[in-house]
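**Student:** This note's numbering puts the first residue of the sequence shown at 58, with every later residue one more than the last.
Right, I'll just put the structure down here and ask away after.
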Amino acid sequence: MGKKSISQSWTLIKIYQGRQFELSDLFTLFIPGLCAIFGSFCYGVYLYLYAYQKYGPVASKSWSQLWFILSMIATIIFLTLLFYRLLIARRYAAVYEEGLELNLKKSQIAIWKDISGVTAISFRPYFFWLQLPPIQSGTIYYRNGETIQIQDNILNAADLLTQIKAKVYPILIQTFENDFRSGKKLSFGPIILDKQHIFLTNSGSAQTQEYSWQEIKQINLHSGNLMIEFLNFPNESIPAAEIPNIEIMLQIIKSEISA
Numbered sequence: 058m059g060k061k062s063i064s065q066s067w068t069l070i071k072i073y074q075g076r077q078f079e080l081s082d083l084f085t086l087f088i089p090g091l092c093a094i095f096g097s098f099c100y101g102v103y104l105y106l107y108a109y110q111k112y113g114p115v116a117s118k119s120w121s122q123l124w125f126i127l128s129m130i131a132t133i134i135f136l137t138l139l140f141y142r143l144l145i146a147r148r149y150a151a152v153y154e155e156g157l158e159l160n161l162k163k164s165q166i167a168i169w170k171d172i173s174g175v176t177a178i179s180f181r182p183y184f185f186w187l188q189l190p191p192i193q194s195g196t197i198y199y200r201n202g203e204t205i206q207i208q209d210n211i212l213n214a215a216d217l218l219t220q221i222k223a224k225v226y227p228i229l230i231q232t233f234e235n236d237f238r239s240g241k242k243l244s245f246g247p248i249i250l251d252k253q254h255i256f257l258t259n260s261g262s263a264q265t266q267e268y269s270w271q272e273i274k275q276i277n278l279h280s281g282n283l284m285i286e287f288l289n290f291p292n293e294s295i296p297a298a299e300i301p302n303i304e305i306m307l308q309i310i311k312s313e314i315s316a
């Protein structure tokens, strides 16, 4: 059975479309692009006719050539951006009871058990002193080692990632808890846990530091970072976006270790 027929036989929950064309695109893409194209071209024509009448064909070509080239470059840039926006508008993510279908850079279908982790982060960018709307992004980790980025060009990406977590976490948490209780180490990206220790990997140097749970004062989330406070060591801050299944990790720390 092909991928398409598989998804068609599933029970659809919700489809999340890529960012469609909006009024803002008129001012950020179409008007600037068309003004650059036709403005350069028309000014080139004006220079060509003016120079031709005053100084002849050699001067007209020399004076206008640069503006015709600029118009051609503007056309190429405009068409490239327009094609990119069309690709984004065609993207989608479909959440089913049985699994997930993504049509981003390529089309993929996976049952929920194929997914081994999810990260999600929201941040508010600034343009000089102006605070822009929040941007939501995340990463889906597959058991075969592949990762897929969910960017803010999917409409309502925050809700999409929440839906994915709601399907994946109940499957994962039972396995994590059983492995932890049996003495196995649990991996959460740059963090590894076992009953006695927490291991932190520095992404810049790839060095791993080992700490016993008795050396840790508290662990919490703050401003998009996991903050680890030690009793006798400098505190550590790890971006939450780098930690897959961070909610499961915190639940295990709270229920299995703090207890």
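All C-beta atoms, glycine included, are put in the ideal place defined by N, C-alpha and C.
Below 8 Å, can you find three or more Cβ-Cβ pairs linking the region 123-134 to the region 150-162?
**Tutor:** The answer is no - the region 150-162 does not touch the region 123-134, with fewer than three Cβ pairs under 8 Å.
**Student:** Considering residue 304, what are the terminal residues of the alpha helix (DSSP H) in which it resides?
**Tutor:** Start and end: 303-309.
**Student:** From 176, 267 and 172, pick the residue whose C-alpha is nearest to that of residue 157; which is it?
**Tutor:** Among 176, 267 and 172, the Cα nearest to that of residue 157 belongs to 172.
**Student:** Mind checking who residue 195 pairs with in its DSSP beta bridge?
**Tutor:** 177 and 207.
**Student:** Let me know the alpha helix (DSSP H) ranges lying completely inside the region 61-146, each 4 residues or longer, listed in chain order.
**Tutor:** If we require 4 residues or more, the alpha helix (DSSP H) runs fully inside the region 61-146 come out as 88-112.
**Student:** If you drop the 5 nearest sequence neighbours on each side, which residues of the same chain put their C-beta closer than 6 Å to that of residue 71?
**Tutor:** If we look at residue 71 and ignore the five residues flanking it on each side, its Cβ neighbours are 152.
**Student:** With a threshold of 16 other CB atoms inside 10 Å of the CB of residue 54, please say whether the residue is buried or exposed.
**Tutor:** Outside the shown range of the chain, which is 58 to 316, sits residue 54, and nothing can be said about it.
**Student:** How many angstroms separate the CA atom of residue 297 from the CA atom of residue 288?
**Tutor:** Roughly 22 Å separates the two Cα atoms.
**Student:** Round the Cβ separation of residue 154 and residue 219 to the nearest angstrom and send it over; I've been treating them as touching at under 8 Å.
**Tutor:** About 16 Å separates the two Cβ atoms, so there is no contact after all.
**Student:** Which one of 75, 102, 119 and 129 has the shortest CA to CA distance from residue 91?
**Tutor:** Looking at the Cα atoms, 129 is the closest of the given residues.
**Student:** Measuring CB atoms only, is the region 225-236 touching the region 305-313, in the sense that at least three cross pairs come out at less than 8 Å?
**Tutor:** Touching, yes, given that three or more Cβ pairs across the two stretches are closer than 8 Å.
**Student:** Taking only the alpha-carbon atoms, compute the straight-line gap between residue 292 and residue 285 and give it to the nearest angstrom.
**Tutor:** Approximately 6 Å between the Cα atoms of the pair.
**Student:** Taking C-beta to C-beta, are residue 13 and residue 229 nearer than 7 Å?
**Tutor:** Residue 13 cannot be examined here, being either before or after the span of the chain that is shown, 58 to 316.
**Student:** For residue 296, which beta-bridge partners are listed by DSSP?
**Tutor:** DSSP, once it has assigned bridges, lists 282 as partnering residue 296.
**Student:** DSSP three-state label for residue 312, please.
**Tutor:** Helix, per DSSP.
**Student:** Do residue 193 and residue 167 have their CB atoms nearer than 7 Å?
**Tutor:** It is not a contact, given that the beta carbons lie outside the stated cut-off.
**Student:** So is residue 312 buried or exposed if we call it buried at 16+ other beta carbons inside 10 Å?
**Tutor:** Answer is exposed; the Cβ neighbour count stays below 16.
**Student:** Rounded to whole angstroms, what is the Cα-Cα separation between residue 199 and residue 162?
**Tutor:** About 16 Å.
**Student:** Taking the alpha-carbon positions, what's the residue 100 to residue 124 distance?
**Tutor:** Looking at the two C-alpha atoms, the distance is approximately 7 Å.
**Student:** Leaving aside the five residues before and after residue 249 along the sequence, list all residues of the same chain whose C-beta is less than 6 Å from its C-beta, in chain order.
**Tutor:** Cβ neighbours of residue 249 beyond the five flanking positions: 242 and 256.
**Student:** Buried or exposed for residue 281, going by 16 or more other Cβ atoms inside 10 Å?
**Tutor:** Exposed.
**Student:** Compute the beta-carbon to beta-carbon distance between residue 245 and residue 303, rounded to the nearest angstrom, for a pair I have assumed lies under 8 Å.
**Tutor:** Going by Cβ atoms, the distance from residue 245 to residue 303 rounds to 7 Å, so yes, they are a contact pair.
**Student:** Since residue 105 and residue 120 should fall inside the 8 Å C-beta cutoff, what is the C-beta to C-beta distance between them, to a whole number of angstroms?
**Tutor:** About 7 Å; that satisfies the 8 Å criterion.
**Student:** Using the rule of at least 16 other Cβ atoms within 10 Å of the residue's Cβ for burial, across every protein chain shown, is residue 73 buried or exposed?
**Tutor:** By the neighbour-count rule (16 or more Cβ atoms within 10 Å), residue 73 is buried.
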